[in-house]
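Numbering (the numbering used here), first residue to last: 15 to 312. Ideal Cβ positions, reconstructed from N, Cα and C, are used throughout, including at glycine.
Below, the structure written as structure tokens:
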């Protein structure tokens, strides 16, 4: 059981739960509006819901039945793994971005699809992933109780952020990768042009605070406070992409053409831990090779 893990208040009525995940954490957000409560993401598993999320809700005097709606930032297993369990426990409503609806219904199928690109370098998908149907569908730019959905593809095609317009707080999930987490080894973006456009779009928004979905390197804390620091943070994410591109191009020009080897080098350059499986960084390196015109687009 994950004892002593609770929602931390990161703004007025805004909370972050750092749910334990493979030696680090995956973020679950909570937004409280008078008598309405929204949970964004559900962690990696049903066990995590029982051992961590439910007790954390209880510490705020809430139960699953008090949650007005569940939203998700995207459909990777570490963010939707608890969805089905929440539904079993009485979740009333799931609100989904339109681009996530099919994946949300069958996240295990999508998890297998992600791994199919690099099967020799991917772990088995989590067999416990179970899906749910969306009750309400949102489009890019629409708002729910002051939370505006911003489609931010790049990390994946359906990644979104939610902007709390009253406070200027951006709940990013995995949309802004930095140098990735210590588990990944590097940033993961499956769509390089989309990732850059998403960051540039966010630069045009009025954002006073960013709350990340993981412990992204090189930042020590998941909360960036103040408009100036947010601008620096967004610029740093773009700079990391540019640096990754220069490194991959340099190694390629030196004759390194092996995708796993390029991935290991990129991880080392980011001061990341070499993971057992390289598939996440291989997506990122492949995107840079495509940008160089040396690997065809799928």
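By the criterion of at least three beta-carbon pairs nearer than 8 Å, the segment 38–49 is not in contact with the segment 118–138.
Per DSSP, reduced to three states, the secondary structure at residue 284 is coil, with no helix or strand assignment. Pairing residue 67 with residue 57 gives a Cβ-Cβ distance under 7 Å. By the neighbour-count definition (other C-beta atoms within 10 Å, threshold 16), residue 220 is an exposed residue. In this structure, residue 224 and residue 163 do not form a Cβ contact; the two beta carbons are roughly 16 Å apart against a cut-off of 8 Å.
Your pair residue 118 and residue 94 checks out as a contact, with CB atoms roughly 7 Å apart and the cut at 8 Å. A distance below 7 Å between beta-carbons, with the five flanking residues on each side excluded, links residue 281 to the following residues of its chain, in chain order: 199, 200, 288 and 295. By the C-beta density criterion, residue 229 is buried, having at least 16 other C-beta atoms within 10 angstroms. Here DSSP, grouped into helix, strand and coil, assigns residue 293 to helix. Between the alpha carbons of residue 47 and residue 262 lies a distance of about 46 Å.
The way I'd put it, the segment 200–213 doesn't touch the segment 106–118; fewer than three beta-carbon pairs between them come closer than 8 Å. DSSP places residue 259 in the uninterrupted alpha helix (DSSP H) bounded by 241–267. In the DSSP assignment, residue 112 falls outside any alpha helix (DSSP H) and carries neither an H nor an E. Counting along the chain, no beta strand (DSSP E) covers residue 207; the unbroken alpha helix (DSSP H) around it starts and ends at 206–217. The beta carbon of residue 279 lies closer than 6 Å to those of 265 in the same chain, with the five residues before and after it left out. In this structure, the CA atom of residue 161 is about 19 Å from the CA atom of residue 80.
Counting along the chain, the unbroken alpha helix (DSSP H) around residue 68 starts and ends at 68–73. DSSP places residue 23 within a strand segment (E or B) once states are collapsed to three. DSSP, read as helix, strand or coil, puts residue 142 in coil.
Considering only 86, 130, 129 and 189, the residue with the shortest C-alpha distance to residue 111 is 86. When rounded, the separation of the alpha-carbon atoms in residue 242 and residue 171 is 29 Å.
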